Structure formats: structure tokens, C-alpha cells
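Visitor: Have a look at the structure that comes next, please.
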Amino acid sequence: NKLILFLLNKYKYNKNIINIIFSHKIINILKKLNNFNFKINSFNLLLLLLNENDKDIKYLFKYLNLNFSYLNFYTSTTIFSNNIRKKLEEFSTNIYNINFIYNYNINFNQYQYSKLLQILNLKIKKHIIIEGVEENIFSLLQILIKNIKNKIVPIYLHHTEIWVLNELLNYDIHTIILKILNISKYFINNHKLILIIKNIEIFNLTDTNNNTDNLDKLHYLYLLLSKIYNYNIHIFIITTKDKYKLYFKSNNNLKDYFFNKIQIKNLSFLQIFLILKYNIYKYINYYKIHINNYILYELINLSKKYIKNINSPIIPFILLENLCSKKYLLKNKIQYSNFNYLLTDNIYIQNKKNFILTYEDIKNTISEYLNISKTILFKNNKITKYNIKQLEYYLYKNIHGQNHIFNKILPSIKQNIIGLKTKNKPIGSWILCGPSGTGKTEFAKLLAKYLFGSEKELIRFDMSEYMEKHSISRLIGSPPGYIGYSEGGQLTEQVYNNPNSIILFDEIEKAHPDIYNIMLQILDEGRLTDTTGKLIDFTNTIILLTSNLGCPKNYDSYLKNKYYLSDTDLKEIHKNIKLSINNYFKPELLNRLTNILIFNPLNINSLLLIFNKFMSELKIKLYSNKLNITIYIKNELKYFLIKL
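With UniProt numbering applied, the sequence shown corresponds to residues 1 to 644, in that order.
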């Protein structure tokens, strides 16, 4: 060590200093540090010597002309006296005693940090409201804490400590204010206190009937700030967007005279990745498992996709720890009840792959975290060529007399596969017109089943239930102040939870006209904002509207006597339907649709095919229920039943 060599050369004739350098206490400490692979430098040794109270060590500092009190100031984390600290501990906790889940050494909020330092030098409007996710706010405060500790902050912050108001208090608000006022007298000169308040609700004033309409919501906070006005005490209030609107937006006395606002934005994908990358060493060292950049990328990517509202690295850290713990158990062949496959005798973990995290491991961990089956959670929601071929086959098999419809809709879906779809629009949007019973709803079910894997992916709305103006709130959520405001709407919540789906608005002409305005945004931009401010993505959905406009009742009796429809008949039907559609719906809605699909009325041949289909299904049910019943229907009877 350079310091030791320097001391030996300079004071080789001074026995007192030589004895200090080679004292058993110092040598034992250095040995222990070496055992833990710590790199020992001159500053480390100096810190060790500072913590000793021996007379010889003080003698050594005297010889080196070192100011003990000045060095102690730079190496100590405690700035306040024991008397002040004891009083602070009655209602708050020193931030050094709080354990953070991850270390945050990268400052992604440089502008906010500079503004924070500037406000801490003010005397009038010196308090701060920090809005954002709590974990991201404390990440910024970690930078401030470390810089204060290392004295790389402006000189007015050298004598600053940060304390957090306790959440679980046995005192009422009057006692807390009195305790803060009692210690305020100590912060007049150089010493500065930053007090963080996480629960602003404790300052909320309500009367005996819990009515806050005629009362200042933060009366006690206003009282406290006015009393500590002349002292070096800064109040940091950590809040969310909703709490800020509730307590501060309309409270001009507090906001204008006491507080500056700093908004911490949600971390981006890259920022979360860098934080994980910086902190994975502790998992690698503890679990002895290799973690590469690809695994971290996919961990964040899949967690953002399947776990909603990830605005901080907390969830990826929890998933990573679960992942490493499970891999560690596999590596060491430890058996426990949740892993039944480990209880078998033929499991021998000898392959080196078990020491490396894989993409499948991430899938398993996320499915366990959400308590959803892996096959259901990670099913392939992308439309493939196989889906198109399968859909085409079953459309022709199950829906009769509508071949012209398939020739219009299938090319639009194929465009989505090869990437020619407009980026910010749904996969497709069609209005299905024609008489009842021609297969419009069955068509929607087949799309859901063979494009997205199940008929459950069909989100259906009967628009006869949305004829009133206020019924729009059922789709996108109730406005603020009404029952169900925080619950979201039926449409927005279902699409938010299942973004790959078919949305069917049945009998759209019966809906209130204001609902069409919502559809304009969905069809044009592929997104919709619900009443809670959540942005819903519709770009992976198919929008279907059904309508019976232009289809008189006499069509059925007219067409049942025809074995086929002539071109003249079809042109007349299509003309009447298009005229009714254009007269009823506004052009801005029709122009945003991919196409208008008109289902032809069913003639006798089409009805006969459908009749045979349902009869074959009935025979299968009889056979599966082991009922010894045989059904045979002559063609004459079939035609008679169809014409009824």
C-alpha cells in the first residue's frame, strides 16, 4: 500500500508510528478485507484509522498534519447531532436506513435534478411536489443522496440530511405538526432538513360528516408551511397524477406560494434495461447463473406486453429474481412441492444449459407470476397464412350463397400478413348489410375462431341496448363524479385486456348517433382514450358492424319461391341497401370503413344446404348421447319445410 510505504520511509526512525502501522488491529482488518476480495487503497486505510480512537492514531494524524474533524465530516453520513436525530426519529426515518430494491447510479432525469438543486437554494417558494411513480421518484432521490454523501453538491447542501415521514403513525396530525415545529429551531444557519411526505392524505381536513366541500383540503399542511417559513426545512411531497388533481390543482394558496412542481416521467424500455444491466451482478454472483443482454431484453419486452402498467423496473426485478431462484434450485437438484417434475428419479441436471437462462424460462416465470397457463398466455395471436387458408375453407363450407363476400374480405386480411396494412388503423373494418339469417353473425364467429383461435375472441355488442345518449358511458366508462368512474368501459376494458379480437356491433343503426363519433376515432387512428385517461389500442382488432337497413320483410316470401337469384334481382337488392346505408349514416363514417359488404338473401338451394348442415349436426348429437334414434328426411319434405 502506497500510504504504508510512504509512512515507513518518512517515519522510519519514529517507533510510535511504526508500531501503529504494524498494529495487530490494523493488520487484522486488512486481512479480513483481503478475504472478501476488497481492493485496499490509501483512502480505505485512512477511513479505518479514522474509526479508531487510539492515542497512537491521533498521534499519527498530528504528524501527518491532517484535520481530524474535517476528514470526519467528509466520511460520516450523520451530520445532525444526536439530540436532533432522536427528535427526528420520533416521527420519521433517515433515508439511509431505507433499503432500495435496486441501485440507481444513472441519472435519466438531468433536467429535473438540476431544477431540484435550484429549488433547494430558494428561501420563499422552497418546497417541492414530485409527481410520478414512487419507485422512479426515489430513483432520482438516490442520486441526490449519494451526491450529498460524497459532497459533490453545491456547498449549501453539504450539511443536509433527508428524512422520510413515517407512514404508520400513532399520533394525530396535531402531534406531528408540533414535533416538526419543535425541531425547526435547529435549522437556522447551515443545517438543512429535507422531509419527504409520501401520504399527503394525513393532512386532509374533514368535518364530522366527512364533508370536504366547504373546507380547505390541506389546511394543516398550509398551517405547517407558514410556521416553518423562516427555517431551512424543505418539504418534498411524493404524489401521483390523480392525487395531484384531487389535492393541489384547485388549491392555489398552496400551489402558488409554497410549492414548485417536478414531474418524473415513466422510464422507457432502454432506461429499464440499463438499470437491470447495472444491477444484475448481485444475481450472477449469488445464484452463479449466466445472464446475457438478450435475456434481459426479452424479460422486459414480455413483461411490458403481458403485465400491464409497468412504469418502473420493480416487476422485471421480481421476475428476474424468481427466474434465478428457480434455476438455482434446478441446478442444485433441490426438490420442493411446486415442482412435481423434480420428484421423479430420471431427472439429472448435468447439462451446462441449466446454468444459463433461456427464453422459455422467461415464459414460464411470467405465466407463473400471472397464474395463467403458458399455452394460453403465449398463444400465437398473429394471423398466419395457415389461418387464412383454414378460414377460407370453413367460410365456403359453413356460409352459403355469399362467395362474393369472401372475395372482398380475404385480400384485406392477407395485406396484414405481408405488412401492407395501414399502421395506425385496425386490421379491417366492414359493415355487413343484408336480411336477417343470411350468416352475418356466423361470419363474425368464424373470423374469430380461425384468425384468433377461439370464438371467445369475439367481443359482441347488441346496439339496441345503446339507444340512449348516456349509454355511451357503458362503452368507454363513466365520467368523473359518476358511479363506476374508475372501472372503465365495457368496450375499452375488453380490448385493453384482449387486444387481438373481433369486435361486432350488432344492428348498428339502433345505436345513438353520438356512438358513431367514438367509432370515427377507432376507425381512423386505431385508438381510443377511456374516461380514466387510458389509451386503448385497436390496431390488432377487426371491426364489424351489422345492419338490416334496406331489407323489407317481403323479401323472404319473394325469394323462397326462387331456386336462384338473377343478376337483375341482386342488383336491385344491392341498390336498395346501399341507398338506405348512404342516407342513414354520415359520409365520414362510411369513408373510414374498409368496405360495405352486402349479404345476398338466401334462395332455396342455399337454404337446402343449411338445412342439411343442421341435420348432420343433430345426428352427431344423437349419436354422442347414445340415443338409438335414426333420422331420414325425404327431399320432398325438406323442400316443404324450407318453404314454410
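C-beta: ideal position from N, C-alpha, C; glycine also.
In this text the structure is predicted, and so the values were computed from the model without any measurement.
Could you tell me whether the Cβ atoms of E525 and N398 are closer together than 8 angstroms?
Guide: No. Outside cutoff.
Visitor: Cutting at 8 angstroms between CB atoms, please list the residues of its own chain near N250, excluding the five before and the five after it.
Guide: Note on identity: in this sequence residue 250 is Ser, with Asn being the wrong assignment. Cβ within range, chain order: n/a, list empty.
Visitor: If you check the beta carbons only, do V495 and N311 fall under 8 angstroms apart?
Guide: No, they are not a contact pair.
Visitor: Just list the beta strand (DSSP E) runs in the stretch 141-205, keeping only unbroken ones of 3 residues or longer that don't cross its boundaries, in chain order.
Guide: Runs of the beta strand (DSSP E) inside the stretch 141-205: 160-165 and 192-197.
Visitor: Could you have a look at Q402 and say whether DSSP puts it in helix, strand or coil?
Guide: In this structure, Q402 counts as coil in the three-state DSSP scheme.
Visitor: Residues in the same chain with beta-carbon distance under 8 angstroms from F187, minus the five sequence neighbours each way, listed in chain order, please.
Guide: Only L193, Y231, N232 and I233 meet the Cβ criterion.
Visitor: Okay, do the stretch 472-482 and the stretch 531-547 touch, 3+ Cβ pairs below 8 angstroms being the bar?
Guide: Taking 8 angstroms as the limit for Cβ pairs, the verdict is that the stretch 531-547 does touch the stretch 472-482.
Visitor: Taking just the CA atoms, how far does Y287 sit from S325?
Guide: Taking the straight line from one Cα to the other gives about 7 angstroms.
Visitor: Grab the span of the alpha helix (DSSP H) containing S226 for me, first residue to last.
Guide: Element bounds for S226: H219 to K227.
Visitor: What are the start and end residues of each continuous alpha helix (DSSP H) run of 4 or more residues lying completely inside the stretch 88-124, in chain order?
Guide: Listed in chain order, they are 110-119.
Visitor: Work out the CA separation of F538 and I280 for me, nearest whole Å.
Guide: Between I280 and F538, the C-alpha separation is close to 36 angstroms.
Visitor: With a 10 Å radius around its C-beta and 16 neighbouring C-beta atoms as the bar for buried, classify T594 as buried or exposed.
Guide: Its Cβ being crowded by 16 or more others within 10 Å, T594 is buried.
Visitor: I need the DSSP call for K261, collapsed to helix, strand or coil.
Guide: Here K261 sits in strand by DSSP.
Visitor: Rounded to a whole number of angstroms, what is the C-alpha to C-alpha distance between K469 and I515?
Guide: Distance between the alpha carbons of K469 and I515 is about 8 angstroms.
Visitor: Tell me the residue span of the alpha helix (DSSP H) that contains S547.
Guide: S547 -> not in any alpha helix (DSSP H); beta strand (DSSP E) instead, spanning I542 to S547.
Visitor: Could you give the distance in angstroms between the alpha-carbon of E588 and the alpha-carbon of S473?
Guide: Distance between the alpha carbons of E588 and S473: 22 angstroms.
Visitor: Is it true that the CB of T239 sits closer than 8 angstroms to the CB of W163?
Guide: No, they are not a contact pair.
Visitor: If we count the other Cβ atoms within 10 Å of its Cβ and call it buried at 16 or more, is F505 buried or exposed?
Guide: It is buried - the Cβ of F505 has at least 16 other Cβ atoms within 10 Å.
Visitor: When you compare only the Cα positions, how much space is there between I596 and P411?
Guide: Each residue's alpha carbon lies about 14 angstroms from the other.
Visitor: What would DSSP say about N209, mapped onto helix, strand or coil?
Guide: Reliability fails at N209, whose pLDDT of 46 lies under 50, so the model's placement of it is uncertain and the value that follows must be treated cautiously. The answer is coil: DSSP assigns N209 none of H, G, I, E or B.
Visitor: Over what stretch of residues does the alpha helix (DSSP H) that includes R474 continue unbroken?
Guide: Here the alpha helix (DSSP H) through R474 covers I472 to I476.
Visitor: Tell me which residues share the same chain as K255 and place their Cβ nearer than 6 angstroms to its Cβ, disregarding the 5 neighbours each side in the sequence.
Guide: For K255, where only same-chain residues beyond five positions count, the Cβ hits under 6 angstroms are F248.
Visitor: Comparing alpha-carbon positions, which option in Y396, E457 and I476 lies nearest G439?
Guide: Looking at the Cα atoms, Y396 is the closest of the given residues.
Visitor: How is L85 classed by DSSP in three states: helix, strand or coil?
Guide: The identity of residue 85 in the sequence shown is Arg, whereas the question assumes Leu. Looking at R85 - three-state DSSP - the assignment turns out to be helix.
Visitor: Are there 16 or more other CB atoms within 10 angstroms of the CB of L120, so buried, or fewer, so exposed?
Guide: Buried, because 16 or more other Cβ atoms sit within 10 Å of the Cβ of L120.
Visitor: If you drop the 5 nearest sequence neighbours on each side, which residues of the same chain put their C-beta closer than 6 angstroms to that of S139?
Guide: Correct list, in chain order: Y104.
Visitor: Whole-angstrom Cβ separation of I183 and I84, contact assumed at under 8 angstroms?
Guide: Right, their Cβ atoms sit about 6 angstroms apart.
Visitor: Taking CB distances under 8 angstroms as the criterion, tell me whether I272 reaches chain C.
Guide: Any reference to chain C falls outside this structure, which holds one protein chain only.
Visitor: Of the residues K86, F91, K456 and I130, which one's Cα is nearest the Cα of I177?
Guide: The option with the nearest alpha carbon to I177 is F91.
Visitor: With H, G and I counted as helix, E and B as strand and the rest as coil, what does DSSP make of F317?
Guide: Looking at F317 - three-state DSSP - the assignment turns out to be helix.
Visitor: For L593, which three-state DSSP category applies?
Guide: L593: coil per DSSP, three-state reduction.
Visitor: Taking 8 angstroms as the cut-off, does the stretch 572-581 touch the stretch 449-461 (at least 3 CB pairs, one atom from each stretch)?
Guide: Because the criterion of three Cβ pairs below 8 angstroms is not met, the stretch 449-461 and the stretch 572-581 do not touch.
Visitor: Are the stretch 197-204 and the stretch 150-159 touching, with three or more C-beta to C-beta distances below 8 angstroms?
Guide: Short answer: they don't touch.
Visitor: With burial defined as no fewer than 16 other Cβ atoms inside 10 Å of the residue's Cβ, what is the status of N600: buried or exposed?
Guide: Label assigned to N600: buried.
Visitor: Taking just the CA atoms, how far does F258 sit from L225?
Guide: Computed Cα separation, rounded: 7 angstroms.
Visitor: For A444, which residues in the same chain have their Cβ closer than 7 angstroms to its Cβ, ignoring the five residues on either side in sequence?
Guide: The residues are L458, I502, L504 and L544.
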